[in-house]
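Numbering (this note's numbering), first residue to last: -15 to 298.
Every residue gets a Cβ at the ideal spot worked out from N, C-alpha and C, and that includes glycine.
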Amino acid sequence: MFELLGLPLDASAHGPKLDQMTVVVHWLMLFLFVGWGSFFAYTLVRFRKGRNPKADYTGVKSHVSSYLEVGIALFEAVLLVGFAVPLWAERVNEFPADADAIVVRVVAEQFAWNVHYPGPDGIFGRTDIKLVSAENPLGLDREDGDAKDDIWTVNQLNLPVNKPVIIRLSSKDVIHSFGLPLFRVKQDVIPGEVIPLWFTPTMTTAQIIEASTKTVSISAADTSNTVLLAMVAQADYATTDGTAILARGDSMTPEAILFLVKAGIKEVKAVHSTPAEIACAQLCGLGHYRMRGFVTIQTEEEFKAWLAEEASYL
Ligand SMILES: [Cu+2]
């Protein structure tokens, strides 16, 4: 069932429980669909006019259908009270302490994600709506002592692996939705509210790329295959006489695909160019489609080095 649902790779600690819940609910729905569908077909035949020329005013006397309905209601109650509610409570009540987590502010706007890190002092500096400009999308007040070491990025969220992350979401304009499919996170962003969420990434971007790499068969017809064109090669490819066509990390362009086909290469190892994205999951305006950010999960050392590099630009 898991494969059938086409769920994306899971790279978060809480993801397997959510996926399991999704699978169980789908099994129940399949059972109900087949059950009620057959019952409907049965009644159409059993109570057809030919067999029942006169209405029967007593009707069915057996209680089988009532028992069935009670049984299904019980099963649904168990799913809800026993699984869904505790799972949800874990997501919204059992937040890790700020000290044990990476805390990041994400401020959504039409059509970008502004990411705010508190810097080495761990305190978010003052922001002021009057200071918001194209160069300062967060309205960060650099005069404020706590703001001096703050780091911000646009559409790029870097996080360390295996450490809880707390994200405080807010919006500058309309309702957006912060969606991280690989990390099983989706939360509406409401203007005027700060909404926290947390998760723990369990895979680095390098591991995600490795796990998402597919062997794709190619033909000359694929020069307009948008799925393939959004991918990058995960191996080096060359013609038989050794002329390089594609190197690992290169985009699959129509020209490259033609060269590959000409060189007799029928399969390529490739991966989506941005395997981990922040997708806005709320139709937030005309530019909604381009409101995508990128998530990079790094090892602790890589993350520290990245923070240091960003700090060096201040
Ligand atoms: Cu949006």
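Across the structure, Ile262 and Leu28 are spaced so that their CA atoms are roughly 49 Å apart.
In this structure the segment 104 to 113 does not touch the segment 69 to 78; the number of beta carbon pairs closer than 8 Å is below three.
In this structure, the CA atom of Ile113 is about 10 Å from the CA atom of Asn120. Under the three-state reduction of DSSP, His47 is assigned to coil, being neither helix nor strand. Met236 and Val62 have their alpha carbons spaced roughly 48 Å apart. Distance from the CA of Trp290 to the CA of Ser208, rounded to the nearest whole angstrom, comes to 37 Å. Where Thr6 is concerned, the enclosing alpha helix (DSSP H) starts and stops at -1 to 30. Taking 7 Å as the cut-off, the C-beta of Ala92 counts as close to a heavy atom of ligand 1. The closest heavy atom of ligand 1 lies less than 7 Å from the beta carbon of Phe95. The Cβ-Cβ distance between Gln282 and His160 does not fall below 8 Å. Annotation: Leu14 to Phe31 spans about 25 Å, alpha carbon to alpha carbon. Counting C-beta atoms within 10 angstroms of its own C-beta, Gln218 has 16 or more neighbours from the protein chains shown and is therefore classed as buried. The segment 95 to 105 makes contact with the segment 269 to 286; the number of CB pairs closer than 8 Å reaches 3 or more. Thr189 sits in a helix when the DSSP states are folded into three classes. The distance from the Cβ of Glu93 to that of Asp157 is about 6 Å, consistent with a contact at the 8 Å cut-off. The alpha carbon of Glu194 has as its nearest neighbour, out of Val255, Gly163, Val69, the alpha carbon of Val255. Ranking Gly233, Phe243, Pro259, Tyr221 by CA distance to the CA of Phe167 puts Pro259 first. Assignment of beta-bridge partners to Ile159 by DSSP yields no partner. In this structure Val149 does not touch Ile202 by the C-beta definition: roughly 38 Å separates them, more than the 8 Å allowed.
If you ignore the 5 residues before and after Leu(-7), its C-beta comes within less than 7 Å of the C-beta of Leu166, Ile192, Ala195, Ser196, all in its own chain and listed in chain order.
In this model, Cys264 and Ala(-5) are separated by some 19 Å (Cα to Cα). Bridge pairing for Gln282: Pro144 [DSSP].
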